[in-house]
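Structure first, then comments.
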Amino acid sequence: MISDFKKKYYSFKKNFFSLETNYFTVGGFKKSLKFFIKSGKIYHHLLDRLRFHIYPKFLISANFPTHLEVEVASKCQMRCPMCWTTYLDDKMKGLMKFELYKKIIDEASINNVFSIKLSWRGEPLLNPKLIEMINYAKEKGVKNVAFLTNAELLTENMSDKILQTDLDWVSISADGVDEIYNKIRFPAKFQETLKKVEYLKKTRDQLKKNKPLIRVQSIASAVKNNAEKFYKSWEHITDKINIIADQIRDYTTDTEKLEFDKYFICPKPFQRLAIAHTGLVHQCIADYGGKNILGDINKQTIREVWNGEPNRKLRKSFKDHTYYKINDACKECSYGLVQVKDSIDFDKSNNIKLNTNKFKSVPDIVEEKVKLTTPIEKIPQNKRSEYSKVSKN
177 MISDFKKKYY SFKKNFFSLE TNYFTVGGFK KSLKFFIKSG KIYHHLLDRL RFHIYPKFLI
237 SANFPTHLEV EVASKCQMRC PMCWTTYLDD KMKGLMKFEL YKKIIDEASI NNVFSIKLSW
297 RGEPLLNPKL IEMINYAKEK GVKNVAFLTN AELLTENMSD KILQTDLDWV SISADGVDEI
357 YNKIRFPAKF QETLKKVEYL KKTRDQLKKN KPLIRVQSIA SAVKNNAEKF YKSWEHITDK
417 INIIADQIRD YTTDTEKLEF DKYFICPKPF QRLAIAHTGL VHQCIADYGG KNILGDINKQ
477 TIREVWNGEP NRKLRKSFKD HTYYKINDAC KECSYGLVQV KDSIDFDKSN NIKLNTNKFK
537 SVPDIVEEKV KLTTPIEKIP QNKRSEYSKV SKN
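Under the numbering used here, the first residue of the sequence shown carries the number 177, and numbering increases by one thereafter.
As structure tokens, this is what we get:
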């Protein structure tokens, strides 16, 4: 039986000597370093990483967030079975208004916020102002601007528009290959997505531009059974391949039975704020349903929310090791769960193996097939017959 003291020590050691415990890069440190150097602004980037990664380990927060998640869209045209957005109340879905966005960026730029990500729960390419939003942030001096996309709407025309901006990086969410991908990412198709990203990379290189850097990411279980094909499919058309540990995505899970590491220190309350398209500030990017609202940017400044009582209380819950008991959003978040070691072989002939972690009490989303299925009523009516054919495969 491990004593409580030893558990606390092991948890502290793991948190202190690792940057990401559920997020992994194929190629490891060398690949991450190469991506980091390509990102440019080395001095400012290093300073930001100090505040972003090291401050939380000492339970310190800067006087202003170093990073902002700015949700330009909470809508999504996809209905991925493991995505909380699929099950989000339609009343919570929408697009951020440009005036609210400008208010956020104006304050962020004055306070030297290093990075913003223009995505969270939804698909940013659905916002018709996205290009204008990227340009506005860069004009205001935000050094690192990026967004995540499922790439279904990444047409050649949209890629051309993106390449006219100074966007720093874009991340493609692409889970698995072939039938696994087609089922999870319906109605997108794997080969079509590859061609879209290939066009973006090829055109970027033809223009002799270094940016946007392109990364792809997948949940671990979606690639384990066909890791080599996943790797070889993306190796030459992206700058980085990331794998994410499977998280709580089974909507029948009894969260009371999940095994939490009570000594876990979540870095997010000490790093960043997640601003929804409405201007409401959620506890973090795991708080999809708004169970803990920290403030409202329509009525407050970012600084007021960052230093406000709700956020101070949230930080204290990690200092007191009570986070998983008193924060409802934490009870549905995987980051604080006990982890076990895992690994994925991407290319045995070249010894490309990725050592990963997985959450002990979270089942794999994909085994031989995708275990979760989107309820048919969540699929747009004109796509239901097509989805039924895909889901049966």
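Note that the Cβ used here is the ideal one computed from N, Cα and C, for glycine as well.
Every value quoted in this text rests on a predicted model; they were computed, and no experiment measured them.
Residue environment for E544: exposed (fewer than 16 other C-beta atoms within 10 angstroms of its C-beta).
With respect to the C-alpha of P257, the residue from I520, I424, D282, G512 having the closest C-alpha is I424.
When Cβ pairs closer than 8 Å are counted between the two stretches, the region 275-283 is seen to touch the region 476-483, the count reaching three or more. Annotated as distal: I552 and Y199, with beta-carbon spacing of 8 Å or more.
Shortest Cα-Cα distance from L343 to any of Q253, A322, L449 involves A322. Excluding residues up to 5 positions away in sequence, V353, L370 lie with their Cβ nearer than 7 Å to the Cβ of S409 in the same chain.
Runs of the beta strand (DSSP E) lying entirely within the region 384-412 and spanning at least 3 residues, in chain order: 389-395. Ranked by Cα distance from A327, the first of A403, D351, F205, K565 is D351.
Under the criterion of beta carbons closer than 8 Å, T201 and K372 do not qualify as touching, at roughly 22 Å. If you compare the alpha carbons of L376, L223, I356 with that of L330, the shortest gap goes to L376. One thing to note: D422 has its Cβ within 8 Å of the Cβ of V538. Counting along the chain, the unbroken alpha helix (DSSP H) around F205 starts and ends at 204-215. Burial check for Q459: the Cβ neighbour count within 10 Å reaches 16 or more, so the residue is buried.
Each of K207, G216, I555 was checked against the Cα of K387, and the nearest Cα belongs to G216. Closest by C-alpha distance to L294, out of N287, N288, K305, is K305. Residues K293, W296, A450, I461 of the same chain have their beta carbon placed closer than 6 Å to that of E245, with the five preceding and five following residues left out of the count.
For F274, the CB contacts under 6 Å within the same chain, skipping 5 residues up- and downstream, are K305 in chain order. Judged by DSSP secondary structure, K371 falls within the alpha helix (DSSP H) whose first and last residues are 366-382. In this structure, Y357 is the residue among Y357, K365, H412, K384 with its C-alpha nearest to the C-alpha of S394. Taking a cut-off of 8 Å on C-beta distances, the region 513-521 does not touch the region 223-236, as fewer than three cross pairs fall below it. N320 and L222 have their C-alpha atoms some 13 Å from each other. Contact between L276 and V248 does not hold, since their C-beta atoms are separated by about 10 Å, which reaches or exceeds 8 Å. Fully contained in the region 235-292 are the following beta strand (DSSP E) runs of length 3 or more, in chain order: 243-246. As the crow flies, the alpha-carbon of H412 is around 19 Å from that of E332.
Sequence-distant Cβ neighbours of P445 in its own chain, meaning closer than 6 Å and more than five residues away, are L490, R491. Assigned with DSSP and collapsed to three states, F323 falls in strand. Judged by DSSP in its simplified three-state form, N358 adopts helix. In the structure shown, Y439 falls within a coil segment according to DSSP collapsed to helix, strand and coil. The beta-carbon distance between Q515 and T197, rounded to whole angstroms, is 6 Å. This is short enough to meet the 8 Å contact definition.
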